[in-house]
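Each protein sequence line maps, in turn, to chains A and B. Be aware that the first sequence starts at 1, since it is given in my numbering, and climbs by one per residue. Be aware that the second sequence starts at 1, since it is given in my numbering, and climbs by one per residue. For glycine and all other residues, C-beta sits at the position ideal for the given N, C-alpha and C. In what follows, a single structure is set out as structure tokens and then discussed.
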Amino acid sequence: EAGVAQSPRYKIIEKRQSVAFWCNPISGHATLYWYQQILGQGPKLLIQFQNNGVVDDSQLPKDRFSAERLKGVDSTLKIQPAKLEDSAVYLCASSLAQTNGYTFGSGTRLTVV
Amino acid sequence: GEDVEQSLFLSVREGDSSVINCTYTDSSSTYLYWYKQEPGAGLQLLTYIFSNMDMKQDQRLTVLLNKKDKHLSLRIADTQTGDSAIYFCAEFGENQGGKLIFGQGTELSVKP
Numbered sequence: 001e002a003g004v005a006q007s008p009r010y011k012i013i014e015k016r017q018s019v020a021f022w023c024n025p026i027s028g029h030a031t032l033y034w035y036q037q038i039l040g041q042g043p044k045l046l047i048q049f050q051n052n053g054v055v056d057d058s059q060l061p062k063d064r065f066s067a068e069r070l071k072g073v074d075s076t077l078k079i080q081p082a083k084l085e086d087s088a089v090y091l092c093a094s095s096l097a098q099t100n101g102y103t104f105g106s107g108t109r110l111t112v113v
Numbered sequence: 001g002e003d004v005e006q007s008l009f010l011s012v013r014e015g016d017s018s019v020i021n022c023t024y025t026d027s028s029s030t031y032l033y034w035y036k037q038e039p040g041a042g043l044q045l046l047t048y049i050f051s052n053m054d055m056k057q058d059q060r061l062t063v064l065l066n067k068k069d070k071h072l073s074l075r076i077a078d079t080q081t082g083d084s085a086i087y088f089c090a091e092f093g094e095n096q097g098g099k100l101i102f103g104q105g106t107e108l109s110v111k112p
């Protein structure tokens, strides 16, 4: 099966600019997650979708971050405006059943300068 | 609370066994996972163990779970240079609302 697709792979922006990341999960996976991984740390969940509904966005900085999952398939994560501390790898994952764990995409590496 | 702890670095010689340790705090965790991350790549699921198990073996990988002490370990037999990566422990349980909580990762360096 095809994996979780993410784009772009890399993005460099200046602070206060906007950026968007895209994720296409594995076909049939109802649950989709966005994680933020700061260099040297483990991934931290930003938002979890079940189909096109939000299950958990308690760690999402809602003043600048937004995410949507239209039609319960693809998802976009947006940052507006970006701060230096948003520099990280943004990982998208999807899951079918918990015993299989999550399948992660390769991530988008964001550098804010 | 949610907290998963790992030691940051481990260095071994090729052919030796590696043991990566992890402690977690949520006693309601139902599944515990080990993921591998190579440079510039996403996380690859290596193996997992259900909380009612003590041990799981999968080829060169052995997972040991001590539920009483909330301690998880991953043993890699006959470690190869291709095993050099960062290894993440993660817990899943109802108290986490159905999400994975990751440790900070252990960087494994395998020297020839």
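Q: Flag Q36 (chain A) as yes if its beta-carbon sits less than 8 Å from any beta-carbon of chain B, otherwise no.
A: no
(Q) Rounding to the nearest angstrom, what Cα-Cα distance links G85 (chain A) and S51 (chain B) in this structure? (A) Note that residue 85 (chain A) is Glu in the sequence shown here, rather than Gly. Whole-angstrom Cα-Cα distance: 36 Å.
(Q) Using CA atoms only, rank isn't needed, just tell me which of A:P61, A:G107, A:L96, A:K44 is closest to W22 (chain A). (A) A:G107
Q | Cα-Cα separation, A77 (chain B) to Y35 (chain A) | A | 31 Å
Q: Measure from the C-beta of Q80 (chain A) to each C-beta in chain B and report whether the shortest distance is under 8 Å.
A: no
Q) Which residues bound the beta strand (DSSP E) around T150 (chain A)? A) Residue 150 (chain A) lies beyond the residue range present for chain A, which begins at 1 and ends at 113; the question has no answer from this structure.
Q) In whole angstroms, what separates the C-alpha of Q37 (chain B) from that of D63 (chain A)? A) 31 Å
(Q) When you compare the CB of A41 (chain B) with every CB in chain A, is at least one pair closer than 8 Å? (A) yes
Q) Nearest to T106 (chain B) by alpha carbon, out of A:S7, A:G40, A:S27? A) A:G40
Q.
My assumption, with CB atoms under 8 Å, is that F116 (chain B) sits in contact with G42 (chain A). Please give the rounded CB distance.
A. A question about residue 116 (chain B) goes unanswered here, because the residues of chain B that appear run from 1 up to 112.
Q. Listed from N- to C-terminal order along the chain, which residues in the segment 55–75 of chain A have their beta-carbon within a distance smaller than 8 Å of any beta-carbon of chain B?
A. V55, D56
Q: Give a yes or no on whether 8 Å exceeds the smallest Cβ distance from L45 (chain A) to chain B.
A: yes
Q) Where does the unbroken beta strand (DSSP E) through I55 (chain B) begin, and where does it stop? A) The question names Ile, but residue 55 (chain B) in the sequence shown is Met. First-last of the beta strand (DSSP E) with M55 (chain B): 55–58.
Q: Pick helix, strand or coil for K62 (chain A), following the three-state DSSP scheme.
A: coil
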